[in-house]
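Asker:
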Amino acid sequence: MTQVPAILFGASFTVAVCVAAGLLLLRALGIPLKRGERWIFAFLGGAALVELALFILGITGLYYRPVLLAAGFAVLAAAWALKAHRPIGEPLPPLPRRAGIAAAAVAAAYAILYFFYAMAPETSPDGSTYHLGLVARYLRAHGMERLPHHMYAHLSQGVEMLYLMAFSFGRHSAAALVHLAFLITLPAVIVAYARRYGFAGAGLAAALFVFLSPVVGMDGSTAYNDVAVAAILFGLFYLLRIWWEEPSDRLLILIGLLAGFAYAAKYTAGASAVLLVAATLPARMARDRRFQLRPILITAACALALAAPWMLRNLAWYDNPFSPFFNRWFPNPYIHISFEQAYGRQLRNYPGLESHWDIPLEVTVRGGVLGGLVGPLFLLAPLGLLALRNREGRWLWLGALCAGLPYAFNIGTRFLIPPLPFAALAMALVLMRLPRLTAGLVLLHAVLSWPSAIPRYASPYAWRIDGLRWKAALRIEPEDAFLRRVFPGYTVARMVEEKVPPGERVLTFNQIPEAYTTREILVVYQGAWNEVLGDMLWTPFNPAAQPVRHIRFRFPRKRLRRIRAVQTAGGAPDHWSIAEFRVYRGDKELPRRPEWRLRAHPNPWDVQRAFDNSPVTRWRSWQALFAGMWVEIDFGRTEEADSVLLVCSPDQPNIRLRLEAASEKGDWSEIPAEIEDQTVRPPRGMRRMVAAEMKRAGVRYFLVHPNDYGKEDYRERPAAWRVSLLGEAFGIRLYRFD
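What follows is the structure, encoded as structure tokens:
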């Protein structure tokens with residue numbers, strides 16, 4: 053129970069600071085908002101400012117609890133001293149009394165459910181891994197860290213900055229409660245919008261459609277960020293609508309800040325924000341038949357104030373302002389192009405989804421493949437298209453289109469949360485022509501979305517709230533006991549914490565809840581270096597990756613200063629790789645000298661792996677074949693040679709190679725050569741070699757999951773691998789290289 057006050061303080065303090073900062077902003081701008089709108093936009097606008105302040109504190113290494121307390125109380129004191137909390141402006145049109153009471157009663161039941169779920173220890177897949185794992189790591193380091201081997205650290209983390217403040221006082225559950233504040237804000241902003249524009253009843257229905265949705269409740273009660281994104285984008289849409297009718301430069305400042313906050317929260321939200329602004333500002337100017345640069349500049353400047361810091365950080369730390377994406381435009385040694393391409397394909401084609409035509413049923417009723425469901429009610433979403441016949445409906449579908457376009461890049465159910473408020477409000481506009489039917493649909497939606505009802509029609513694997521969890525929330529059931537009972541990943545994380553010494557790295561092919569361990573977890577697919585280590589770890593038992601293909605080029609003895617192997621094929625999925633690049637004069641290999649200069653295109657950063665005398669390491673292109681790939685040696689002086697041996701693996705049958713030499717002028721020309729391509733026996737002792745390479749790389753520990761390729765090889769041949777089994781939990785084994 054002693055944890056409960058800390059959790060509640062961390063969350064309430066963070067939310068209060070956001071609101072206070074927003075009230076000060078609104079007071080300074082003097083925007084003529086309605087009374088009910090001020091608190092909503094105070095929270096959203098203030099959260100944007102607090103996020104920026106926390107980013108600055110992180111870059112300057114000031115993540116200390118006293119600093120966060122002092123800064124927060126200073127904002128609260130300033131808001132109180134300036135009486136920024138005093139009600140200003142006209143009230144919004146009233147809600148229908150009976151409908152309002154009924155809606156409040158239904159919402160209250162779900163709010164209690166969501167509150168206790170958020171208060172309970174964090175067990176969500178992403179929340180317990182990178183969302184809060186990074187937050188915990190930054191707090192331990194007292195600042196934002198450069199993490200080249202963790203792709204999720206490259207993403208913008210605007211909402212996570214707010215989690216960081218709450219986490220510093222109340223840890224995991226406090227962060228989830230901050231997201232719950234966005235979940236409460238989302239229906240509030242929907243209702244406020246509907247009240248302003250004269251369809252309050254439809255607004256109440258739409259707010260409940262969204263608030264009761266199973267995936268919305270689940271996401272908003274955990275340390276994810278999709279519900280926060282939805283609230284930010286709908287708030288941005290709301291402000292743009294106000295500006296359309298009452299253009300104001302001061303309003304554009306808040307619009308720009310929310311657009312920048314959208315980017316800081318999530319890249320895709322930034323794209324949606326750009327679309328919303330681009331669809332509104334120029335259209336208003338076209339209607340007035342007068343182009344104005346000033347509104348565009350004000351909005352862009354304020355948006356960049358929040359978005360640019362994340363871009364500049366990534367450019368400075370990861371050579372790519374949009375890392376971990378657009379790596380073809382910004383080549384870097386941290387994220388492989390092939391990973392980005394494979395990751396994109398995976399997000400557009402979830403395993404288990406037989407056809408994209410199954411998406412409507414999957415996201416509304418089933419929920420097992422795409423990670424949750426919005427609820428059967430949204431099978432009626434096409435009815436909302438009838439709202440296109442009136443102005444309000446066209447506005448809403450414009451918002452839905454802008455917020456929903458990024459869904460094409462990730463078809464998981466929760467990525468429908470941002471456009472959901474717009475679609476729900478359009479549906480409600482149509483349905484409210486039959487108020488009793490609408491009330492019945494709300495009641496049915498409430499019944500079907502309750503945790504005990506969902507298993508009766510949805511997949512048992514649907515991501516959803518499974519119950520009230522009030523004992524765990526109040527810590528009547530101790531946190532450690534609860535997590536060990538319901539969350540296997542927690543037990544694995546604690547095993548790592550207990551068995552692995554501080555400062556050591558742990559390699560794994562699958563995520564574990566890094567928010568519950570202080571050890572550095574290297575997930576193979578989360579960084580280029582991690583992928584190289586994973587590729588090497590598979591080599592001893594993966595025949596396709598073993599260095600058994602010897603390609604020898606024989607040519608009349610020549611005097612050479614620079615020589616390169618060139619790959620000329622294209623259009624195949626193979627990756628070109630070279631385990632060893634050897635140059636010979638007669639039967640003797642030219643000794644590798646310090647003055648040699650090695651280059652490669654693409655992936656110049658790993659070229660040394662083809663010249664390190666280790667058959668278990670290799671240079672790889674890490675992208676599909678294209679004509680013009682090369683690996684080059686500049687000897688630094690003239691050398692005589694008559695053959696080249698490329699030691700390769702069999703997993704690249706489509707490569708086509710030739711040798712080239714450079715003239716003194718730097719022009720390259722082909723070396724006519726006889727090519728011998730033969731398969732030899734694998735080198736002996738590869739497992740021992742991999743162990744040595746791993747220790748040389750500073751990685752002495754690794755996890756093997758039950759679904760990992762080659763998992764039994766470590767169990768059956770520990771002596772060959774020179775590993776010791778340190779522990780096992782839920783089939784996941786922890787090994788150490790001895």
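Plus 52 on top of the position in the sequence shown (first one is 1) and you've got the numbering used here. C-beta: ideal position from N, C-alpha, C; glycine also.
#1: Among A99, K86 and L81, which residue has its Cα nearest to the Cα of A63?
#2: Quick check on the DSSP output: the alpha helix (DSSP H) that includes Y245 runs from which residue to which?
#3: Could you give the C-beta distance for L291 and I307, rounded to a whole number, given that I count them as a contact under 8 Å?
#4: For the 8 Å Cβ check, are there 3 or more pairs between the segment 566 to 578 and the segment 602 to 613?
#5: Which word fits H497, buried or exposed, when buried means at least 16 other C-beta atoms lie within 10 angstroms of its C-beta?
#6: Using a Cβ-Cβ cutoff of less than 8 Å, which residues in the same chain neighbour L585 once the five nearest sequence positions on both sides are dropped?
#7: Kindly provide the ranges of any alpha helix (DSSP H) runs that are 4 or more residues long and lie completely inside the segment 105 to 135, ordered along the chain.
#8: Considering only residues of the same chain and omitting the five flanking positions on each side of V326, which have a CB-CB separation below 6 Å?
#9: For E692 and W671, I'd like the C-alpha separation in whole angstroms.
#10: What does DSSP give as the partner residue(s) for R634 in the beta ladder?
#11: Under a three-way DSSP split, which group does G586 fall into?
#12: Helix, strand or coil for D686, going by three-state DSSP, please let me know.
#13: Among H202, V417 and D790, which one has its Cα closest to the Cα of D265?
#14: Among the candidates L144, G185, I242 and F221, whose CA atom is the shortest distance from the CA of P118?
#15: Who are the near neighbours of P143 in its chain, counting only those whose CB is closer than 8 Å to its CB and skipping five residues on each side?
#16: Roughly how many whole angstroms lie between the Cα atoms of R571 and V544?
#17: Which residue wins for smallest C-alpha separation from Y395, given the options T54, F377 and P385?
#18: Relative to the alpha-carbon of L60, which residue among L207, P145 and S225 has its alpha-carbon at the smallest distance?
#19: Between the Cα of A122 and those of H137, A105, W682 and F263, spot the shortest distance and give me the residue it belongs to.
#20: Could you tell me the boundaries of the beta strand (DSSP E) in which V775 lies?
#21: Rounding to the nearest angstrom, what Cα-Cα distance links G74 and G141 in this structure?
#22: Please identify the residue among V699, I164 and R248 whose C-alpha is closest to the C-alpha of A233.
#23: In whole angstroms, what separates the C-alpha of W296 from that of F289?
#24: Which of helix, strand or coil does DSSP assign to L264?
#25: For F125, which option in N594, V102 and G423 has the closest C-alpha, if you only look at C-alpha atoms?
#26: What number of angstroms, rounded off, separates the C-alpha of A259 from the C-alpha of A154?
#27: Do the CB positions of G152 and L235 come within less than 8 Å of each other?
#28: Which runs of the alpha helix (DSSP H), 4 residues or longer, sit entirely within the segment 137 to 207?
#29: Are G322 and A360 close, meaning C-beta to C-beta below 8 Å?
#30: Would you call the segment 628 to 646 in contact with the segment 654 to 666, where contact means no fewer than 3 C-beta pairs closer than 8 Å?
#31: CA-CA distance, L685 and D719?
#32: Report the CB separation of S324 from P503 in whole angstroms; it is logged as a contact under 8 Å.
#33: Helix, strand or coil, according to DSSP, for P403 in the structure here?
#34: Have a look at R189 and L199 and give me their C-alpha separation to the nearest angstrom.
#35: Give me the Cα-Cα distance between A877 and Y319, rounded to the nearest whole angstrom.
#36: Short check: CB of G287 to CB of A357, under 8 Å?
Answerer: So, from the listed chains and residues:
#1: The residue given as residue 63 occupies position 11 in the sequence shown. Nearest C-alpha to A63: A99.
#2: Position 193 of the sequence shown holds residue 245. From DSSP, the alpha helix (DSSP H) with Y245 extends over G210 to R248.
#3: As a position in the sequence shown, residue 291 is number 239, starting the count at 1. As a position in the sequence shown, residue 307 is number 255, starting the count at 1. Between I307 and L291 the Cβ distance is about 5 Å, and since that is below 8 Å, they are a contact.
#4: no
#5: Taking the sequence shown and counting its residues from 1, the one referred to as residue 497 is at position 445. H497 should be labelled buried.
#6: Walking along the sequence shown from the start, residue 585 turns up at place 533. The residues are L559, L574, V576, M746, A749 and V751.
#7: 117 to 133
#8: As a working note, residue 326 is residue 274 in the sequence shown. Closer than 6 Å at the Cβ level, and outside the excluded window around V326, lies no residue.
#9: The sequence position of residue 692 within the sequence shown is 640, counting from 1. The sequence position of residue 671 within the sequence shown is 619, counting from 1. Their backbone Cα atoms lie some 25 Å apart in a straight line.
#10: If you number the sequence shown from 1, residue 634 lands on position 582. DSSP lists L697 as partners of R634.
#11: If you number the sequence shown from 1, residue 586 lands on position 534. Three-state result, G586: helix.
#12: Here residue 686 refers to the residue found at position 634 of the sequence shown. D686 falls in the strand class under three-state DSSP.
#13: Numbered from 1 along the sequence shown, position 213 holds the residue referred to as residue 265. Note on identity: in this sequence residue 265 is Ser, with Asp being the wrong assignment. S265 has its Cα closest to that of V417, out of H202, V417 and D790.
#14: Stepping through the sequence shown from its first residue, residue 118 is reached at position 66. Of the listed residues, the one whose Cα sits closest to P118 is F221.
#15: As a working mapping, residue 143 is identified with position 91 in the sequence shown. These residues qualify, in order along the chain: K86, R87 and G88.
#16: Counted from its first residue, the sequence shown places residue 571 at position 519. Counted from its first residue, the sequence shown places residue 544 at position 492. R571 and V544: Cα-Cα distance of roughly 12 Å.
#17: By one-based count along the sequence shown, residue 395 stands at place 343. Per the Cα distances, F377.
#18: Taking the sequence shown and counting its residues from 1, one reaches residue 60 at position 8. Per the Cα distances, S225.
#19: Translated into the one-based positions of the sequence shown, residue 122 becomes position 70. Comparing Cα positions, the closest option is A105.
#20: Counted from its first residue, the sequence shown places residue 775 at position 723. First-last of the beta strand (DSSP E) with V775: V775 to A781.
#21: Indexing the sequence shown from 1 puts residue 74 at position 22. Indexing the sequence shown from 1 puts residue 141 at position 89. Straight-line Cα distance between these residues: approximately 16 Å.
#22: By 1-based counting over the sequence shown, the position of residue 233 is 181. Per the Cα distances, I164.
#23: Within the sequence shown, numbered from 1, the residue matching residue 296 stands at position 244. Within the sequence shown, numbered from 1, the residue matching residue 289 stands at position 237. The straight-line gap from Cα to Cα measures roughly 10 Å.
#24: Position 212 of the sequence shown, counted from the start, is the residue given in the question as residue 264. It is coil, neither helix nor strand.
#25: Translated into the one-based positions of the sequence shown, residue 125 becomes position 73. For F125, the nearest C-alpha among the options comes from V102.
#26: Residue mapping note: residue 259 aligns to position 207 of the sequence shown, counting from 1. Residue mapping note: residue 154 aligns to position 102 of the sequence shown, counting from 1. Near 13 Å, if we compare the C-alpha coordinates of A154 and A259.
#27: Position 100 of the sequence shown, counting from 1, holds the residue named residue 152. Position 183 of the sequence shown, counting from 1, holds the residue named residue 235. For G152 and L235, no; Cβs fall outside 8 Å.
#28: 149 to 171, 184 to 193 and 203 to 206
#29: Residue numbering aside, residue 322 sits at position 270 when the sequence shown is read from its first letter. Residue numbering aside, residue 360 sits at position 308 when the sequence shown is read from its first letter. No, Cβ-Cβ distance for G322 and A360 is not below 8 Å.
#30: yes
#31: Your numbering for residue 685 matches position 633 in the sequence shown. Your numbering for residue 719 matches position 667 in the sequence shown. Inspection of the sequence shows that residue 685 is occupied by Ile rather than by Leu. Their backbone Cα atoms lie some 15 Å apart in a straight line.
#32: Numbered from its first residue, the sequence shown carries residue 324 at position 272. Numbered from its first residue, the sequence shown carries residue 503 at position 451. Contact flag wrong, Cβ pair sits at about 30 Å.
#33: Along the sequence shown, read from residue 1 onward, the residue named residue 403 stands at position 351. P403 falls in the coil class under three-state DSSP.
#34: Within the sequence shown, the letter at position 137 stands for residue 189. Within the sequence shown, the letter at position 147 stands for residue 199. One C-alpha to the other measures close to 10 Å.
#35: The displayed coordinates of the chain run from 53 to 790. Any statement about residue 877 would go beyond what the structure contains.
#36: Mapped onto the sequence shown, residue 287 falls at position 235. Mapped onto the sequence shown, residue 357 falls at position 305. For G287 and A357, no; Cβs fall outside 8 Å.
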